[in-house]
Amino acid sequence: MSYMTGKILAGKRGLIMGVANERSIAWGIAAAAAAQGAELAFSYQMESFGKRVQPLAESVNSNILIECDVAQKGAVERCFHTLSKSWKNIDFVVHALGFSDKNELRGPYLNTSRENFIRTMMISAFSFTETAQSARKMMSNGGALLTLSYIGAQRITPNYNVMGVAKAALESSVRYLAADLGGKNIRVNSLSAGPMKTLAGAAITGARHIYRHSEEAAPLGRNPDIHEVGKSGLYLISDLSSGVTGETHFVDGGFNTVGVPRELKL
Ligand code: NAD
Numbered sequence: 058m059s060y061m062t063g064k065i066l067a068g069k070r071g072l073i074m075g076v077a078n079e080r081s082i083a084w085g086i087a088a089a090a091a092a093q094g095a096e097l098a099f100s101y102q103m104e105s106f107g108k109r110v111q112p113l114a115e116s117v118n119s120n121i122l123i124e125c126d127v128a129q130k131g132a133v134e135r136c137f138h139t140l141s142k143s144w145k146n147i148d149f150v151v152h153a154l155g156f157s158d159k160n161e162l163r164g165p166y167l168n169t170s171r172e173n174f175i176r177t178m179m180i181s182a183f184s185f186t187e188t189a190q191s192a193r194k195m196m197s198n199g200g201a202l203l204t205l206s207y208i209g210a211q212r213i214t215p216n217y218n219v220m221g222v223a224k225a226a227l228e229s230s231v232r233y234l235a236a237d238l239g240g241k242n243i244r245v246n247s248l249s250a251g252p253m254k255t256l257a258g259a260a261i262t263g264a265r266h267i268y269r270h271s272e273e274a275a276p277l278g279r280n281p282d283i284h285e286v287g288k289s290g291l292y293l294i295s296d297l298s299s300g301v302t303g304e305t306h307f308v309d310g311g312f313n314t315v316g317v318p319r320e321l322k323l
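317 is the number that the numbering used here gives to position 260 of the sequence shown; each next residue is one higher, with no gaps.
#1: Kindly give me the distance between the Cβ atoms of valine 117 and alanine 98, rounded to whole angstroms, as I take these residues to be in contact under 8 Å.
#2: Of all the options Lys159, Glu134, Ala67 and Leu72, which has the alpha carbon lying nearest to the alpha carbon of asparagine 120?
#3: Quick one: measure Cβ to Cβ for valine 219 and threonine 302, integer angstroms, because I've assumed they're closer than 8 Å.
#4: Look up threonine 169 in the DSSP assignment and say whether it is helix, strand or coil.
#5: Starting from serine 100, trace the beta strand (DSSP E) in both directions and tell me its first and last residue.
#6: Across the stretch 231 to 251 and the stretch 197 to 214, are there enough close Cβ pairs to call them in contact, namely three or more that are closer than 8 Å?
#7: So does the stretch 277 to 289 actually touch the stretch 218 to 236, counting three or more Cβ pairs closer than 8 Å?
#8: Can you look up valine 117 in the DSSP assignment and give me helix, strand or coil?
#9: Beta-carbon of phenylalanine 149 versus every beta-carbon of chain D: anything under 8 Å?
#10: Hey, would you say serine 157 sits closer than 8 Å to phenylalanine 185, going by beta carbons?
#11: Only counting runs of 3 or more residues, tell me where the beta strand (DSSP E) segments fall wholly within the stretch 110 to 165, in order along the chain.
#12: If you draw a straight line from the C-alpha of histidine 266 to the C-alpha of leucine 291, how long is it?
#13: Does DSSP classify asparagine 313 as helix, strand or coil?
#14: Rounding to the nearest angstrom, what Cα-Cα distance links valine 133 and aspartate 126 in this structure?
#15: Is serine 81 helix, strand or coil by DSSP?
#16: Is it the case that the CB of proline 215 approaches a heavy atom of the ligand NAD more closely than 7 Å?
#17: With DSSP as the reference, identify every bridge partner of arginine 70, one or two as the case may be.
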């Protein structure tokens, strides 16, 4: 896929967290950022992901790859420490990761276990706060932090369950972090993407139903593709959005604006 080339991020450096493969949302944003001149570093969850991330990183001239399993205590801090050996400063971070036990992404939310609630919250929400804690130390010239959310944070979506609760916490953290870091000219936003066919997306029971329903109900009549999420991500991590912070920006073909979906053509 060819991305819009230009210089919007020329001279800027950023860390991309959460690329698993070329369908990952993180990769869509990384590719859009690289096409606009950004220098990138990547963090990946574990060795097996690293092997897949490496050729993608090489394709955008990046040779900084750091293992970072955010479930491990201190891992995020260590990741930024490692990064600081290559770069003194960074301008943006894209946090595009999340996890919940897929056995609890089906059936009633009511059945959520204490263990999975804590784990989901820690990996999918708290890791962004930890990211902000470390990233700000490398953002002496200001910067932008971006995370990924989904409409299940704000409205009921079948089987999204505890992931929706974690995304609600994540969106709320975005607002609190924006207030904490605004004085340092660090902006904090989330991008709420429509359903996409990724590894994480497939973990939710009934993903196909959600995908089709969103597509049919969205004013644009389709879900976004990775290219569109990439372009909006580019806006949020660059000076194009210099006056924007604490926001949840929907990139979902307008799906979130719909009360009653139009009648389907039969
Ligand atoms: P993906 O599977 O490509 O990416 C998810 C990433 O999370 C993977 O790279 C995985 O390694 C990482 N991850 C999971 N546990 C981790 C841990 N302990 N430490 C470090 N990394 C870990 O799927 P995606 O859809 O691109 O997901 C990226 C983000 O976008 C997630 O926050 C997801 O909730 C969000 N999102 C996805 C959709 C969708 O429909 N796919 C829609 C809106 C938002």
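Glycine included, C-beta positions come from ideal geometry on N, C-alpha and C.
In short, the structure shows the following:
#1: The residue given as residue 117 occupies position 60 in the sequence shown. The residue given as residue 98 occupies position 41 in the sequence shown. Wrong, their Cβ atoms sit about 11 Å apart, outside the cutoff.
#2: For this step, residue 120 is matched to residue 63 along the sequence shown. Nearest option by C-alpha distance: Leu72.
#3: As a working note, residue 219 is residue 162 in the sequence shown. As a working note, residue 302 is residue 245 in the sequence shown. 27 Å between Cβ atoms; not a contact.
#4: On the sequence shown, residue 169 is found 112 positions in, with the first residue counted as 1. In this structure, threonine 169 counts as coil in the three-state DSSP scheme.
#5: The residue labelled residue 100 in the question sits at position 43 within the sequence shown. Note, serine 100: beta strand (DSSP E), 96 to 101.
#6: At 8 Å Cβ cutoff, the stretches touch.
#7: no
#8: For the purposes of this step, residue 117 is identified with residue 60 of the sequence shown, where counting begins at 1. Valine 117: coil per DSSP, three-state reduction.
#9: The structure shown contains no chain D; it is built from a single protein chain.
#10: What you label residue 157 is simply residue 100 of the sequence shown in a count that begins at 1. What you label residue 185 is simply residue 128 of the sequence shown in a count that begins at 1. No; because the gap between Cβ atoms is not below 8 Å, this pair is not in contact.
#11: Entirely contained in the stretch 110 to 165, the beta strand (DSSP E) runs reaching 3 residues are, in chain order, 122 to 124 and 149 to 152.
#12: Residue mapping note: residue 266 aligns to position 209 of the sequence shown, counting from 1. Residue mapping note: residue 291 aligns to position 234 of the sequence shown, counting from 1. One Cα belongs to histidine 266, the other to leucine 291, and the distance between them is close to 29 Å.
#13: For the purposes of this step, residue 313 is taken as residue 256 along the sequence shown, with counting starting at 1. In this structure, asparagine 313 counts as helix in the three-state DSSP scheme.
#14: Your numbering for residue 133 matches position 76 in the sequence shown. Your numbering for residue 126 matches position 69 in the sequence shown. Rounded to whole angstroms, valine 133 to aspartate 126 spans 8 Å at the Cα level.
#15: For this step, residue 81 is matched to residue 24 along the sequence shown. Correct three-state label for serine 81: coil.
#16: In the sequence shown, residue 215 corresponds to position 158, counting from 1. No, the ligand NAD has no heavy atom inside 7 Å of this Cβ.
#17: Here residue 70 corresponds to residue number 13 of the sequence shown, with the count starting at 1. Arginine 70 pairs with Glu96.
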